[in-house]
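According to our numbering, the sequence shown is numbered sequentially starting from -15. Notes for the one structure printed next.
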Amino acid sequence: MKKRILQGIFWIVIYLLVTLGPLIILLIGPRPAGREFWRDLSVALGYCGFSMIGLQFILTARFKVIKAPYGSDIVYYFHRQISLVAFALIITHPLLLFVFDPKHLRLLNLFTAPWAARFGIAAFLFLVAVIAFSIWRKRARIEYDRWRIWHGLLAIGIVVMATIHIELRGYYLNSQWKQVFWIIYGILWVSTLLWVRVIKPLYLLRNAFVIEEVIAEPGKTWSIRLRPENNKPFRFQPGQFAWLTAWDSPFVDHEHPFSISSSAEDNSTISFTIKELGDFTARIKDLIKGQRVFVDGPFGAFSIDRHPQAKSYVFIAGGIGITPIMSMIRTLADRADPRPLTLIYANKSLENTVFLEELEALSKKVKLKVIHVLESPSNEWTGETGFVNSQLLEKYLPVGREANQLEIFICGPVPMMNAVEKALSQIGISLGDFHSERFDLV
């Protein structure tokens, strides 16, 4: 735990240094004579915003060493929020110029403006497009794979246009070492792009997986079992996820994230359990034995192995959110773990409940207590009904809930996770003792 905290602090410091690097460079050494404070402030804000945009490539490049202290969902959440901060800094850059010297408004005329201004405007318009497409993608029903392609192309356009804008202005590149600094920045971004688009796909291509089995589950859900083609063990922590590419090359942006559902104790094969929720997931049942697929992973911090000190575990799952939790329970069973386990499993009906029979068998293998909560049960159902709320949690959570001794894992639809987290806080569970994973990465 202490090591992860130190790693997290280290990467935050690195991020701040890289973000503020252009500002430090601007302040150090000679500056153009006769420049007003507001003009220097405008340039400084633009530099910082541009640095944040450039760092977005690294945040989404899936470097495990960077994401390990936080978890992928936290990093992607930060990626979304910091883009808005970068946008605010970048738009303030020209606004300051317009407010303090209105003659700069003429730079908005693309027909008469110098090329530096034209590239700056183009970079800004690309940034607006990236943010707008991300915010309204679901409302506009833009297909995910198509959105990813355009998102990447527009992001590259932003960096290219902004770099040309900076080079053409050149006011703060008046020394060789400052020019070297920006060259290093450019190399950093290009290297990241090469890693994402060339090196990583080549690695995945050489380390493909093959389909071993496709199993039909209740509720239009399918489990697929994969084997590494080179028989190299695939090691992961129970509860982690990976990106799956099928029917396409890893060079194509047609990958999707899924939680691993198999036990981490068996690294000769891995399994995903996938519910039909879209175009890609609807085709999972069409995979055939021997078909090559590609797996990029594992990722995520949603795992019991990050909290080995716990005296007991509680799992709260909604629908297909059982998948990473099933990996954790299966792993604990394979390890013959003696600690008490509680699973609160919410579904619409018993007929659509995945892993129903296996959970019953596992409850005889380990100290697992399963509580099914049904939203639309049959008339014969005598168990819990409705939703997971504070009253139900009070009823089934273990007594004597000491801090850092009871670890709770939540996975399911976002509204359900929000409601459960609020209920846990209401009954006195500390924030550090419950953990959730969200796959809403866009």
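Beta carbons: idealized from backbone N, C-alpha and C, even for Gly.
Helix, strand or coil for Trp206? Go by DSSP, reduced to three states. Correct three-state label for Trp206: strand.
Let's see if you can read the secondary structure: which residues bound the beta strand (DSSP E) around Lys353? Per DSSP, the unbroken beta strand (DSSP E) holding Lys353 starts and ends at 352 to 358.
Assigned secondary structure, Ser246 (DSSP; H/G/I helix, E/B strand, else coil): Judged by DSSP in its simplified three-state form, Ser246 adopts coil rather than helix or strand.
Helix, strand or coil for Ala230 per DSSP? If DSSP states are grouped into helix, strand and coil, Ala230 belongs with the strands.
Pick helix, strand or coil for Phe255, following the three-state DSSP scheme. Sequence check: residue 255 is Ser here, not Phe. Note: Ser255 maps to strand in three-state DSSP.
What separation, rounded to the nearest whole angstrom, lies between the Cα atoms of Ile254 and Arg209? Their Cα atoms are separated by approximately 6 Å.
Determine, using beta carbons only, whether Thr337 and Val277 come nearer to each other than 8 Å. Going by C-beta atoms, Thr337 is not nearer than 8 Å to Val277.
According to DSSP, what are the bridge partners of His419? Answer is Phe393.
Once you ignore the five residues that flank Phe110 on each side, which residues in its own chain have a CB closer than 6 Å to its CB? These residues qualify, in order along the chain: Leu138, Gly141, Ile142.
Is Glu197 near Lys273, with beta carbons less than 8 Å apart? Going by C-beta atoms, Glu197 is nearer than 8 Å to Lys273.
Under a three-way DSSP split, which group does Val398 fall into? Val398: helix per DSSP, three-state reduction.
List the residues that DSSP assigns as beta-bridge partners of Ala330. Gly302, Val357.
With distances taken Cα to Cα, identify the nearest neighbour of Arg132 among Val180, Arg211, His238, Arg123. The option with the nearest alpha carbon to Arg132 is His238.
At a cut-off of 7 Å, would you count Gln389 as near the ligand GDP, judging by its Cβ distance to the nearest heavy atom? As far as ligands go, the structure on display features none, and thus does not contain the ligand GDP.
For Arg153, collect the residues of the same chain with a Cβ closer than 6 Å to its Cβ; drop the 5 residues on either side in sequence, then sort them by chain order. Hits under 6 Å: Ala100.
Counting beta carbon pairs with one atom in the region 389 to 409 and one in the region 303 to 321, are three or more of them shorter than 8 Å? A contact exists between the region 303 to 321 and the region 389 to 409.
Range covered by the beta strand (DSSP E) that runs through Gly281: Start and end: 276 to 283.
Distance between beta carbons of His149 and Phe103, contact taken as under 8 Å: Confirmed, Cβ separation roughly 4 Å.
Three-state secondary structure (DSSP) at Val431? Since the first and last residues shown for the chain are -15 and 426, residue 431 lies out of range.
Top-ranked residue by Cα proximity to Trp231, from Lys259, Phe264, Ser252, Gly223: The candidate whose alpha carbon is nearest that of Trp231 is Phe264.
Would you list, in sequence order, the uninterrupted alpha helix (DSSP H) runs of no fewer than 4 residues that lie entirely inside the region 76 to 151? When DSSP assignments are scanned along the region 76 to 151, the uninterrupted stretches of alpha helix (DSSP H) that are 4 or more residues long and fall wholly within it turn out to be 99 to 119.
DSSP three-state assignment for Ser362, whether helix, strand or coil: Annotated three-state conformation of Ser362 is coil, per DSSP.
Does the region 160 to 176 come within contact of the region 217 to 225, defined as at least 3 CB pairs closer than 8 Å? Cβ pair count under 8 Å is below three, so no.
Express the C-alpha separation of Thr3 and Phe21 in angstroms, rounding to a whole number. Phe21 and Thr3: Cα-Cα distance of roughly 21 Å.
Under the three-state DSSP convention, the category Pro212 falls into: Strand at Pro212.
Kindly give me the distance between the Cβ atoms of Ser207 and Ser245, rounded to whole angstroms, as I take these residues to be in contact under 8 Å. Cβ-Cβ separation between Ser207 and Ser245: approximately 7 Å, consistent with a contact (criterion under 8 Å).
For Gly203 and Ile300, I'd like the C-alpha separation in whole angstroms. Rounded to the nearest whole angstrom, the C-alpha separation of Gly203 and Ile300 is 19 Å.
Any 3 or more C-beta pairs closer than 8 Å across the region 348 to 356 and the region 315 to 323: The region 348 to 356 vs the region 315 to 323: in contact.
Please list the terminal residues of the continuous alpha helix (DSSP H) segment that includes Ala41. The sequence given here has Phe at residue 41, not Ala. That run of the alpha helix (DSSP H) goes 21 to 43.
Selected residue, minimal CA-CA separation from Leu94, among Ile105, Pro86, Asp85: The shortest Cα separation from Leu94 among Ile105, Pro86, Asp85 belongs to Ile105.
Where Ile195 falls: helix, strand or coil (DSSP): Secondary structure at Ile195: strand, using DSSP grouped into helix, strand and coil.
Closest to Tyr380 by CA distance: which of Asn214, Tyr61, Leu325 is it? The candidate whose alpha carbon is nearest that of Tyr380 is Leu325.
Looking only at its own chain, which residues have a Cβ that is under 7 Å from the Cβ of Val404, when we skip the five neighbours before and after it? Only Ile300, Val372, Ile394 meet the Cβ criterion.
Residue environment, Gln40, which counts as buried when at least 16 other CB atoms sit within 10 Å: By the neighbour-count criterion, in which 16 or more other beta carbons inside 10 Å mark a residue as buried, Gln40 falls on the buried side.
Would you tell me roughly how many angstroms separate the C-alpha atoms of Leu43 and Glu421, rounded to the nearest one? Going from the Cα of Leu43 to the Cα of Glu421 covers about 18 Å.
Quick one: measure Cβ to Cβ for Ser26 and Pro6, integer angstroms, because I've assumed they're closer than 8 Å. No, Ser26 and Pro6 are not in contact; Cβ-Cβ is about 13 Å, not under 8 Å.
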